[in-house]
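In my numbering, the protein residues as written are -7 to 156.
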């Protein structure tokens, strides 16, 4: 009888532990699927702003299970997370996408040689893992406030209209 209670108690602890792990994984939202959803939102945003002369980001397909195989996307080996995006010279015009920080592991972002305009949104300051940022050869302007990018090692903002 004592053994049955001990077994029952251990079984209950294991079940609770498994439920907590599953719940934590679901709540954290940190997965390649989350990254894929952000990229598909970016694709929709870009297609809305660029009705003609679109870049290769139009090849991103929600039916494809692995965004690491998409044009311009670089993923880490271990965790299979998106760590880089190179959409340079991709015929992108209009304002910048306002949700890059949802790609929580992104370290490399290259949007150079497009015709992005407007300002760099404060939201970009939440990309704390960003090491490389290239926004050169666009028509971005306004005051420059990139104080949140503390890990940044390479920054290229040449050929834009910044001040301050």
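The C-beta atom is built at its ideal place from N, Cα and C for all residues, glycine as well.
Practice prompt. Give the straight-line distance between the Cα atoms of residue 98 and residue 44, rounded to the nearest whole angstrom.
Written response: Stepping through the chain shown from its first residue, residue 98 is reached at position 106. Stepping through the chain shown from its first residue, residue 44 is reached at position 52. If you take the alpha carbons of residue 98 and residue 44, they lie about 28 angstroms apart.
Fill in: Of the residues 111, 146, 141, the one placed nearest residue 130, counting alpha carbons only
Locating residue 130 in the chain shown gives position 138, counting from the first residue. Closest by alpha carbon: 111.
Worksheet item: Does the Cβ-Cβ distance between residue 35 and residue 52 come in under 7 angstroms?
Response: As a first step, residue 35 must be located in the chain shown, where it is residue number 43. As a first step, residue 52 must be located in the chain shown, where it is residue number 60. The beta carbons of residue 35 and residue 52 sit closer together than 7 angstroms.
Discussion item. Need the endpoints of the beta strand (DSSP E) that residue 126 sits in, please.
Written reply: The sequence position of residue 126 within the chain shown is 134, counting from 1. Per DSSP, the continuous beta strand (DSSP E) segment holding residue 126 begins and ends at 124 to 126.
Worksheet item: Looking only at its own chain, which residues have a Cβ that is under 7 angstroms from the Cβ of residue 151, when we skip the five neighbours before and after it?
Response: Along the chain shown, one-based indexing puts residue 151 at 159. Setting aside the 5 residues that flank it on each side, residue 151 is surrounded in the same chain by 128, 129, each with a C-beta closer than 7 angstroms to its C-beta; the list follows chain order.
Worksheet item: By how many angstroms is the C-alpha of residue 101 removed from the C-alpha of residue 77?
Response: By one-based count along the chain shown, residue 77 stands at place 85. By one-based count along the chain shown, residue 101 stands at place 109. Straight-line Cα distance between these residues: approximately 5 angstroms.
Fill in: For residue 36, the residue or residues it bridges with in DSSP
Mapped onto the chain shown, residue 36 falls at position 44. Among the bridge pairs identified by DSSP, residue 36 is matched with none.
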